[in-house]
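The opening position of the sequence shown corresponds to residue 0 in numbering that gives the first Met the number 0, with each subsequent residue numbered one higher. The structure under discussion appears below in the form of structure tokens.
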Amino acid sequence: MMAKKGSAKKVPKKKSNKKQTDKKKSGPKKDEVTMTITKDSEAPTQKPAAPPAEKSAAQSKKIRLTSIAFIESPLQFLSALEAHEPAEDLLIRARANAKGMTSFLDAFDSAWLPKNITLERVGAKPGILRQQSFDRIYIGDACSGQVHKALALAYLERRMPEVVILDDGLATYSTIEILTAKRGPLVRPRQKLKASRAIMAAHVADRLRGLAPVGKLRWHTALPVSKAMRKAFLKTGAEITRHKFEHLQTLPTGGSHPRDNPVIGSALVADGLIHADSYRAWLEELMANGPITYYPHRRETDEFLAELGRDERVRIKHVGLPIELRLVNLPPDSTIRSLPSTAAISLATLNPDVTIAVTEIPAEWWTGASADSLRKSLNAQSVKADVDS
């Protein structure tokens with residue numbers, strides 16, 4: 000099987016340092032979700048909607064923002080750094096016991112943090128939201144039970160501040176589709192929840208949907224956004240802002256370049272989505288052309304990596320830092336091989352002169368544990384971002 004190759008497009012130079020923002024052109028419509036506890040969704044009928052040129056209520060009222068971010072993965076952490084604004088005091092609460100987070104936090108130099116950012120190795124807790132009033136909440140994993148509990152308990156009878164959804168890999172598309180829908184709980188694909196958790200997940204989803212018509216829900220992303228998804232999300236009254244990993248590209252984290260062909264490891268086998276033998280066959284095909292340097296995904300099992308490491312053609316490079324940080328400065332003639340992944344997208348953004356060879360996943364590789372929509376989104380690496388503003 001031949002891998003599909005494609006070079007990332009050149010990123011055009013920015014005309015200013017301001018974020019590019021996607022806005023809905025017409026006025027917000029009244030939210031259709033029934034809210035039983037709070038009145039966030041009724042706000043449009045109480046006062047005129049803010050004009051399109053205005054930012055959120057918190058931004059217009061205060062010169063300096065006080066924000067908090069709930070983070071459970073390295074990519075979410077990097078996304079929070081990119082979303083941080085100069086006139087914003089941001090507290091990042093990172094869930095250190097999430098897989099791969101301890102090694103990442105240990106490897107991440109605190110000197111790389113922008114000014115006015117504080118890091119705590121504590122996950123989402125309702126106490127901090129009750130004790131302190133925040134202008135903005137950044138959410139890394141909108142389907143996290145810990146995040147749901149914190150939001151539900153802290154804002155049971157209070158209005159929520161502005162909420163910003165950060166990138167959480169390709170699973171972010173599923174989150175945006177759920178928030179765009181009129182109803183439904185915030186739940187990961189294939190995830191089955193207990194009744195109590197399902198009720199909480201539905202409650203938080205409704206609360207977030209209620210923020211959209213009043214201009215208090217935003218998605219900050221580096222992912223390509225299809226025209227249909229962009230249009231549907233903006234139609235709710237929500238906002239989309241984009242970034243190109245501007246802060247990440249200033250960090251001195253490139254490290255040494257791999258001697259052999261770099262290959263990005265995938266968690267699809269560990270997640271039970273594709274067959275292990277099909278994945279190994281793909282790696283065998285790559286190794287037939289020479290040795291490879293393999294960068295494991297944080298969810299790959301120790302057993303699989305130990306077995307793979309016994310092959311003398313493979314050099315496994317364990318990195319505490321995300322691969323986006325390790326391979327940000329590859330030479331222009333480099334080729335990175337990968338299955339469909341967020342890392343492939345972000346590395347294409349970071350390295351416009353590097354070839355990202357993505358192999359589309361054949362139908363026979365899938366185990367049948369994933370929905371058709373997930374399989375299509377994973378293979379849709381050629382989707383073009385809609386840059387209209």
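In this text, a Cβ means the ideal position worked out from N, Cα and C, and glycines have one as well.
Quick one: what's R279 bridged to in DSSP?
Bridge partners of R279: none, in fact.
What are the residues that DSSP puts in a beta bridge with P261?
Beta-bridge annotation (DSSP): P261 is paired with T292.
CA-to-CA distance, F232 to E176, given in whole angstroms
Approximately 8 angstroms, taken between the alpha carbons.
Can you give me the C-alpha to C-alpha distance between L377 and E363, rounded to a whole angstrom?
Cα atoms of L377 and E363: separation of roughly 15 angstroms, rounded to the nearest angstrom.
Tell me H219's beta-bridge partners as DSSP assigns them.
In the DSSP output, where bridge partners are listed per residue, H219 has L165, T240.
Measuring alpha carbon to alpha carbon, tell me which of E284, A280, A269 ends up nearest D301.
Nearest in C-alpha terms to D301, of all of E284, A280, A269, is A269.
Proximity of H242 and H274 at Cβ, strictly below 8 angstroms:
Their beta carbons are not under 8 angstroms apart, which means H242 does not touch H274 by this criterion.
For H83, is the classification buried or exposed, using 16 other Cβ atoms within 10 angstroms of its Cβ as the cut-off for buried?
Looking at its Cβ environment, which holds 16 or more other Cβ atoms inside 10 Å, H83 is buried.
How should H147 be labelled, buried or exposed, when 16 other C-beta atoms within 10 angstroms of its C-beta is the threshold for buried?
H147 is classed as buried because its beta carbon has at least 16 other beta carbons within 10 Å across all chains shown.
Taking DSSP as the reference, what is the three-state secondary structure of S59?
Any reading at S59 must be qualified, since the residue scores a pLDDT of 43, below 50, and its modelled position is unreliable; no value is offered.
Reference K193; option with closest CA among R206, V163, K215, G144
Comparing Cα positions, the closest option is G144.
With burial defined as no fewer than 16 other Cβ atoms inside 10 Å of the residue's Cβ, what is the status of G308: buried or exposed?
It is exposed - the Cβ of G308 has fewer than 16 other Cβ atoms within 10 Å.
I think E348 touches A221, with their Cβ atoms under 8 angstroms apart; what is that distance to the nearest whole Å?
Before going further, note that residue 348 is Thr rather than Glu in the sequence given. Yes, they are in contact, since the Cβ atoms of T348 and A221 sit about 6 angstroms apart, within 8 angstroms.
Run the CB neighbour count on P331, radius 10 Å, all protein chains shown included, and call it buried at 16 or more, exposed below.
Exposed: under 16 other Cβ atoms inside 10 Å.
Could you tell me whether the Cβ of D259 comes closer than 8 angstroms to any Cβ of chain D?
In the structure shown, chain D cannot be found, because there is only a single protein chain.
Using CA coordinates, which residue listed in L324, T101, I62 is at the minimum distance from P85?
Nearest neighbour of P85 by Cα position, chosen from L324, T101, I62, turns out to be I62.
Taking P73 as the reference, give the member of G168, I136, R129 with the closest Cα.
Out of G168, I136, R129, G168 has the C-alpha closest to the C-alpha of P73.
On the DSSP bridge list, what partners appear for W365?
Looking at the DSSP output, W365 shares a beta bridge with I273.
Can you give, in chain order, each stretch of the alpha helix (DSSP H) that sits fully within the region 294 to 328 and has at least 4 residues?
Those alpha helix (DSSP H) runs which fall completely within the region 294 to 328 and span 4+ residues are 301 to 308, 322 to 325.
Taking the straight line between their C-alpha atoms, what separation do you get for K409 and A180?
Nothing in the structure corresponds to residue 409, since the chain is present only between 0 and 388.
Taking I291 and R325 to be in contact with their CB atoms under 8 angstroms, please state how far apart those CB atoms are, rounded to whole angstroms.
No, I291 and R325 are not in contact; Cβ-Cβ is about 15 angstroms, not under 8 angstroms.
Thinking just about the alpha-carbon of each residue, which of I198, V327, N115 is nearest to the one in P251?
Comparing Cα-Cα distances from P251 to each of I198, V327, N115, the minimum goes to V327.
What does a CB cutoff of less than 6 angstroms around W111 pick up in its chain, not counting 5 residues either side in sequence?
Taking C-beta separations shorter than 6 angstroms and ignoring five residues to either side along the sequence, the partners of W111 in its chain run L250, following chain order.
Does the distance from the CB of I263 to the CB of A342 come in under 8 angstroms?
Note that the C-beta distance between I263 and A342 is below 8 angstroms.
Quick one: residues in its chain with C-beta nearer than 8 angstroms to the C-beta of G183, no 5 flanking neighbours on either side, listed in chain order?
Contacts found: I177, A201, A204.
Given this structure, state the Cα-to-Cα distance separating T117 from R94, to the nearest angstrom.
For T117 and R94, the distance between alpha carbons rounds to 14 angstroms.
Ends of the alpha helix (DSSP H) at S337?
In the DSSP assignment, S337 falls outside any alpha helix (DSSP H) and lies within the beta strand (DSSP E) extending over 334 to 337.
Give the straight-line distance between the Cα atoms of A56 and L89, rounded to the nearest whole angstrom.
Summary for A56: the model assigns pLDDT 42, below 50, so the residue's position carries little reliability, and this model does not support an answer.
Closest residue to L329 among E245, V353, D310, R336 (Cα-Cα distance)
With distances taken between CA atoms, L329 lies nearest to V353 out of E245, V353, D310, R336.
F133: buried (16+ other C-beta within 10 angstroms of its C-beta) or exposed?
Buried.
Which residues bound the alpha helix (DSSP H) around A197?
Here the alpha helix (DSSP H) through A197 covers 194 to 210.
Alpha carbon to alpha carbon, how far is Q130 from H296?
Approximately 37 angstroms between the Cα atoms of the pair.
Assign D140 to one of two classes, buried (16 or more other C-beta atoms within 10 Å of its C-beta) or exposed (fewer than that).
Buried: at least 16 other Cβ atoms inside 10 Å.
Contact check, I138 vs L165, beta carbons under 8 angstroms
Yes, they are a contact pair.
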